[in-house]
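See below for the structure under consideration.
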Amino acid sequence: SKPLHLCCEGRYQPSPNSSHTLCCGGKLLPPLPDHQCCGGYYIPVATGEVCCPDPGQGRVSVGVGDACCGRVPYSPSGGQLCCGGVLHDGYRSQCCGGTVIEDTLVCCGDAERGKPHTPLTGLSCCGEDYLNSSTSLCCVGHDGFPRMHPAGNGTVRLQCCGSEVINQEEECCNGVGYNPHRHVCADRVSSGLVTEVRRQSHLSMTECHLD
32 SKPLHLCCEG RYQPSPNSSH TLCCGGKLLP PLPDHQCCGG YYIPVATGEV
82 CCPDPGQGRV SVGVGDACCG RVPYSPSGGQ LCCGGVLHDG YRSQCCGGTV
132 IEDTLVCCGD AERGKPHTPL TGLSCCGEDY LNSSTSLCCV GHDGFPRMHP
182 AGNGTVRLQC CGSEVINQEE ECCNGVGYNP HRHVCADRVS SGLVTEVRRQ
232 SHLSMTECHL D
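Mapping the sequence shown onto my numbering, position 204 (from 1) lands on 235, and the numbers just tick up by one.
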């Protein structure tokens with residue numbers, strides 16, 4: 032440890048005033064009003080503007096907006112749509128899987144990973160798939176990824192247990208179904224152990240008289 036020294040991007044550098052110093056681009060600099068560190072450059076950015084770095088070209092773009100579409104500043108509330116890193120006209124459109132589609136279509140997924148589908152009654156999204164919700168179950172595990180299963184038939188009713196399915200009469204133990212009258216689920220989600228319930232036997236004791 033040295034007096035008036037600070038760490039800055041892996042380097043221990045002398046600082047004239049350690050209490051009023053910032054690190055940007057590997058250099059310790061005095062703070063200035065309406066300035067930001069953007070892409071390794073300490074540049075002026077006024078209120079209502081945003082700085083968008085372009086690491087590939089080693090430069091930045093400053094402009095009006097509050098978001099970046101690639102390296103281009105823009106405002107999502109201004110009617111523009113950023114999709115696949117390119118600005119588009121946002122009128123009656125949406126981004127689905129990196130492609131601009133009509134807002135009347137159903138996007139299963141999100142703007143980066145998604146698939147467009149024609150809206151149909153009784154169908155719902157399960158990840159990127161568009162499935163019949165009356166014949167399919169969409170189950171989501173701890174990893175957040177959905178998985179589709181048949182919903183069963185008239186005699187067998189199923190329910191989700193993590194990413195797997197179990198009978199409606201069962202309870203869930205970390206992806207495993209079990210009978211709550213015969214087993215209990217361990218209190219550790221990572222292991223998901225099902226342990227058999229064992230009733231304690233009551234011991235009868237007789238009174239002893241010692242002479």
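Beta carbons are placed, not taken as given, at the ideal position from N, Cα and C, and that holds for glycine.
Shown here, residue 180 sits in a strand according to DSSP, grouped into three states.
For residue 202, the enclosing beta strand (DSSP E) begins and ends at 202-204. Under DSSP, the beta-bridge partners assigned to residue 60 are 53. At least 8 Å separates the beta-carbon of residue 73 from that of residue 59. Around the beta-carbon of residue 196, 16 or more other beta-carbon atoms lie within 10 Å, marking it buried. By the neighbour-count criterion, in which a residue is buried when 16 or more other Cβ atoms sit within 10 angstroms of its Cβ, residue 88 is exposed. Remark: C-beta atoms of residue 127 and residue 140 approach each other more closely than 8 Å. The bridge partners DSSP lists for residue 116 come to none.
Nearest to residue 123 by C-alpha distance, out of 115, 170 and 132, is 132. Residue pairing by DSSP leaves residue 128 without any beta bridge partner. Around the beta carbon of residue 116, fewer than 16 other beta carbons lie within 10 angstroms, which makes this residue exposed.
CA-to-CA, the gap between residue 71 and residue 57 works out to about 8 Å. For the pair residue 95 and residue 82, the CB atoms are not nearer than the 8 Å cut-off. Around the beta carbon of residue 101, a 10 Å sphere encloses fewer than 16 other beta carbons of the protein chains shown; the residue is thus reported as exposed. For residue 72, the enclosing beta strand (DSSP E) stretches over residues 72-75. Within the same chain, and ignoring the five residues on either side of residue 171 in sequence, the residues whose Cβ sits closer than 7 Å to its Cβ are 177 and 194. In this structure, the alpha-carbon of residue 110 lies about 48 Å from that of residue 202.
Of the residues 84, 65, 86 and 85, the one whose Cα lies closest to the Cα of residue 77 is 65. Pairing residue 104 with residue 114, the inter-Cα distance amounts to about 14 Å.
Beta-bridge annotation (DSSP): residue 90 is paired with 85.
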